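Data first, discussion second: the structure below is written as structure tokens.
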Amino acid sequence: MAYTTPDNLLYARTHEWVTTDGEELTIGVSDYAQQALGDVVFVELPDVGQKLSKGQMFGVVESVKAASDVYAPVNGEVVAVNEALLDAPETLNSSMYEEGWLVKIRPSNFAEDRATLLDAAAYEKHVADEASKH
Amino acid sequence: MNTFEPPIFELSGPGKCGVNLPTVDVPLAELPQELLRTDDLAGFPELSETEVTRHFTRISQRNFCIDTGMYPLGSCTMKYNPKVHEAAARLPGFAALHPLTDPAHAQGALWIMEQLQSMLAEISGFDAVSLQPAAGAQGEFTGILVFRAYHHAQGDPERVEVLCPDSAHGTNPATAAMVGMRVVEVKTDHNGNVDLDDLQSKLGPRTAGLMLTNPNTLGLFDEHVQQVAELVHGAGGLMYGDGANFNAILGIVRPGDVGFDFMHYNLHKTFTTPHGGGGPGCGAVGCKTFLEDYLPGPRVCHVIDSDKFELFTPPHSIGRLKAFHGNFGMIIRAWVYIRTLGAAGLREVSENAVLNANYLRVKLQDLYPVAYDRTCMHEVVLKGQLRDAPAAKTLDIAKRLIDYGFHPPTVYFPISVPEAIMIEPTETESKRNMDAFIVAMRQIVAEAVEDITILKQAPTTAPLRRLDEVGAARKPILKYDPVKFQELRRSHAAATSDEQPERPTY
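First to last, the protein sequences are chains A and B. Number 71 in my numbering belongs to position 71 of the first sequence; there are no gaps in the numbering. Number 1203 in my numbering belongs to position 203 of the second sequence; there are no gaps in the numbering.
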């Protein structure tokens, strides 16, 4: 399966991407994940102001195949959610790294959290390892 | 036959009616004003009796059902439902029995219930059975409520974690959450069994129990089930057996003998009742003696002295799960099934269910990769990843099967297997029919290699061709709207007018 993994992002093993600089970090799901999910038909997002700890489930992405939880790749507080996705969930398929972002988070401990995330090359290796299990 | 059937609203004509009532020859009594409907009844269909009969008969003939063809829906156990069960369940003595009848006047019905309780206990290796729960998920809910009640009674209320393997059916974690427990996921190892190391690391003083389906949702028998039970019991937890796949081990393995403390039976699957259309089910539950007092009531007991059957509710019962006596019709059908087959026949059911699934596995695995390369139980999980046609998806393969006259198998489940195709032929499918299914599956691969559009456009022989599932989920039209409906029909007719599709031959 061909998929893109922009070099300027970091990735969680659970297939979320996160931007790496600024006071607010943007979070979404990877191209690989959206392709595996198929056509997204529903997205559930958290409330602005919610505090998330790393690894915590913060939303649901539902496709015609399955509903999948999405997990916070870093600790922090939700400062914005992509409400446009609620009406047009297909944006997550067509523009997963741009208009299809899920939430923006103000990180509380990014210096430490970033060490646990994968760069593009390591994420691609992780995806290949997972695929070989099946 | 494959013409479009308009909705009944479009068959309506003003003034038409099915029944002509005689002229009123008594004074009219006015209906109370507050009971009259004030909303607009315009558009309520008006039709003759013939038109209504034909409309609904035509629709019913479009129905694909186990009585018309193979229905290999994995995890659902769509086996043939013998017609004698229907005759038994419809006997007026059963069908017309009022649920509030004094037990003294319903001894025959109670006798059936008591016998089924005993037979299920015997088949599964448990000591007590309650027939209350209305379906599998309610049986699970019962079990985890019983676990909680037991731990509380033991002075162990801090046991609030329920372990579920990642291959579990979604109802397992949903059940635990609904009871207020915390769900802890356990990994599957490379052979499709519970990962024992991962299990061990997650057990502890907070463990209430483990929910295990065996054979599991990958159609595999967990080879370490006894070790799993020892580990869970060693940590003070209880073993819940999800009996969704009990039809694979009847007369071969008794869950009560391999360490389970509690289980539910899907009577509508394992012991046959027409299901799949949301019809009634029965998720009867069985348990070991130490949990018996918590079972939901009423249960039926045989009082030896008076030789009478009586209803009773166990002393620490978690309460009722269902009004009256559960879904009584299912109880009769399951009783007839077990009595018809007997012990040897039940074992043969499972042997043939497993044989049939493995036959399909061996005949298809060169073209459709198996999820786990080992002998399967009553169902096989393949992957719709075709070596010579990578553009083909499981969805396309499933849709094309419709053109070949088969109900598609379960697809994209279990979700841990990419492009999963889960096939459960059941024991009631003949070799001839399975061979036809195999030829269809193999021919679909050939079609995919030759011209992928054949799959992408399938089904071409269904009245509305391929339905727009994504559109239906994203922009659902939940109410009949004549204008929108006409638009959809016109666009559909325009898209399909140029061809006369034929069913594939083989």
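From the three backbone atoms N, C-alpha and C, an ideal C-beta is built for every residue, glycine too. Here the structure is a predicted model, which means the values were calculated and not measured.
Would you please state the rounded distance, in angstroms, between the beta carbons of residue i and residue j? I believe it to be under 8 angstroms.
i, j, result
"residue 70 of chain A", "residue 24 of chain A", "Not really, about 18 angstroms apart at Cβ, beyond 8 angstroms."
"residue 1293 of chain B", "residue 1316 of chain B", "5 angstroms"
"residue 1264 of chain B", "residue 1140 of chain B", "6 angstroms"
"residue 81 of chain A", "residue 62 of chain A", "Wrong, their Cβ atoms sit about 16 angstroms apart, outside the cutoff."
"residue 1272 of chain B", "residue 1083 of chain B", "With a Cβ gap of about 11 angstroms, residue 1272 of chain B and residue 1083 of chain B do not count as contacting."
"residue 1229 of chain B", "residue 1258 of chain B", "7 angstroms"
"residue 78 of chain A", "residue 105 of chain A", "6 angstroms"
"residue 1234 of chain B", "residue 1346 of chain B", "Residue 1234 of chain B to residue 1346 of chain B, Cβ: 33 angstroms. No contact."
"residue 96 of chain A", "residue 31 of chain A", "5 angstroms"
"residue 52 of chain A", "residue 75 of chain A", "7 angstroms"
"residue 1267 of chain B", "residue 1256 of chain B", "With 8 angstroms as the limit, residue 1267 of chain B and residue 1256 of chain B do not qualify as a contact, their Cβ atoms being about 17 angstroms apart."
Pull the bridge partners of residue i from the DSSP assignment, please.
i, result
"residue 17 of chain A", "A/11 and A/28"
"residue 1386 of chain B", "B/1389"
"residue 57 of chain A", "A/71"
"residue 1265 of chain B", "B/1243"
"residue 1420 of chain B", "B/1383"
"residue 1164 of chain B", "B/1185"
"residue 1309 of chain B", "B/1302"
"residue 1210 of chain B", "B/1163 and B/1239"
"residue 62 of chain A", "A/42 and A/67"
"residue 1130 of chain B", "B/1285"
"residue 1410 of chain B", "B/1422"
"residue 1074 of chain B", "DSSP output for residue 1074 of chain B lists no bridge partner at all."
"residue 125 of chain A", "Residue 125 of chain A pairs with nothing; no bridge assigned."
"residue 1367 of chain B", "Looking at the DSSP assignment, residue 1367 of chain B forms no beta bridge with any residue, so it has no partner."
"residue 1258 of chain B", "Its beta-bridge partners do not exist; DSSP assigns none."
"residue 52 of chain A", "A/76"
"residue 1341 of chain B", "DSSP lists no partner for residue 1341 of chain B."
"residue 118 of chain A", "A/11"
For residue i versus residue j, is the C-beta spacing smaller than 8 angstroms?
i, j, result
"residue 1288 of chain B", "residue 1147 of chain B", "no"
"residue 66 of chain A", "residue 86 of chain A", "no"
"residue 1332 of chain B", "residue 1477 of chain B", "no"
"residue 1211 of chain B", "residue 1164 of chain B", "yes"
"residue 1374 of chain B", "residue 1191 of chain B", "yes"
"residue 1131 of chain B", "residue 1284 of chain B", "yes"
"residue 1353 of chain B", "residue 1376 of chain B", "no"
"residue 1208 of chain B", "residue 1181 of chain B", "yes"
"residue 1389 of chain B", "residue 1439 of chain B", "no"
"residue 55 of chain A", "residue 46 of chain A", "no"
"residue 89 of chain A", "residue 27 of chain A", "no"
"residue 1172 of chain B", "residue 1242 of chain B", "yes"
"residue 1184 of chain B", "residue 1145 of chain B", "no"
"residue 1218 of chain B", "residue 1381 of chain B", "yes"
"residue 1410 of chain B", "residue 1076 of chain B", "yes"
"residue 1213 of chain B", "residue 1193 of chain B", "no"
"residue 1115 of chain B", "residue 1335 of chain B", "yes"
"residue 1383 of chain B", "residue 1398 of chain B", "no"
"residue 1300 of chain B", "residue 1311 of chain B", "yes"
"residue 1392 of chain B", "residue 1464 of chain B", "no"
"residue 117 of chain A", "residue 11 of chain A", "yes"
"residue 1503 of chain B", "residue 1403 of chain B", "yes"
At a cut-off of 7 angstroms, is residue i close to the ligand NAD when judged by its beta-carbon and the heavy atoms of the ligand?
i, result
"residue 1165 of chain B", "As for the ligand NAD, it is missing from this structure, which has no ligand bound."
Would you kindly report the start and end of the unbroken beta strand (DSSP E) that includes residue i?
i, result
"residue 42 of chain A", "40-44"
"residue 1415 of chain B", "It is not in any beta strand (DSSP E) - residue 1415 of chain B carries neither H nor E in the DSSP assignment."
"residue 1248 of chain B", "Run containing residue 1248 of chain B: none; DSSP gives neither H nor E here."
"residue 77 of chain A", "76-81"
At the 8 angstroms Cβ level, is residue i part of the contact set with chain E, yes or no?
i, result
"residue 1474 of chain B", "The displayed structure is made up of protein chains A and B, and chain E is not among them."
Could you pull the start and end residues of the alpha helix (DSSP H) that residue i belongs to?
i, result
"residue 1173 of chain B", "1171-1178"
"residue 1450 of chain B", "1431-1450"
"residue 106 of chain A", "Where residue 106 of chain A is concerned, there is no enclosing alpha helix (DSSP H), although the beta strand (DSSP E) it sits in stretches over 103-107."
"residue 1148 of chain B", "1136-1153"
"residue 110 of chain A", "110-113"
"residue 1093 of chain B", "1092-1095"
"residue 1084 of chain B", "1083-1089"
"residue 1118 of chain B", "1107-1124"
"residue 1398 of chain B", "1394-1403"
"residue 1100 of chain B", "Run containing residue 1100 of chain B: none; DSSP gives neither H nor E here."
"residue 1198 of chain B", "1196-1202"
"residue 1230 of chain B", "1225-1234"
"residue 91 of chain A", "91-94"
"residue 87 of chain A", "84-87"
Which runs of the beta strand (DSSP E) fall wholly inside the stretch 1005-1064 of chain B and span at least 3 residues, in chain order? None, since the stretch 1005-1064 of chain B contains no complete beta strand (DSSP E) of that length.
Where are the alpha helix (DSSP H) runs, 4 residues long or more, that stay fully inside the stretch 1453-1495 of chain B, in chain order? Within the stretch 1453-1495 of chain B, the alpha helix (DSSP H) runs of at least 4 residues that lie entirely inside it are, in chain order, 1453-1457 and 1469-1474.
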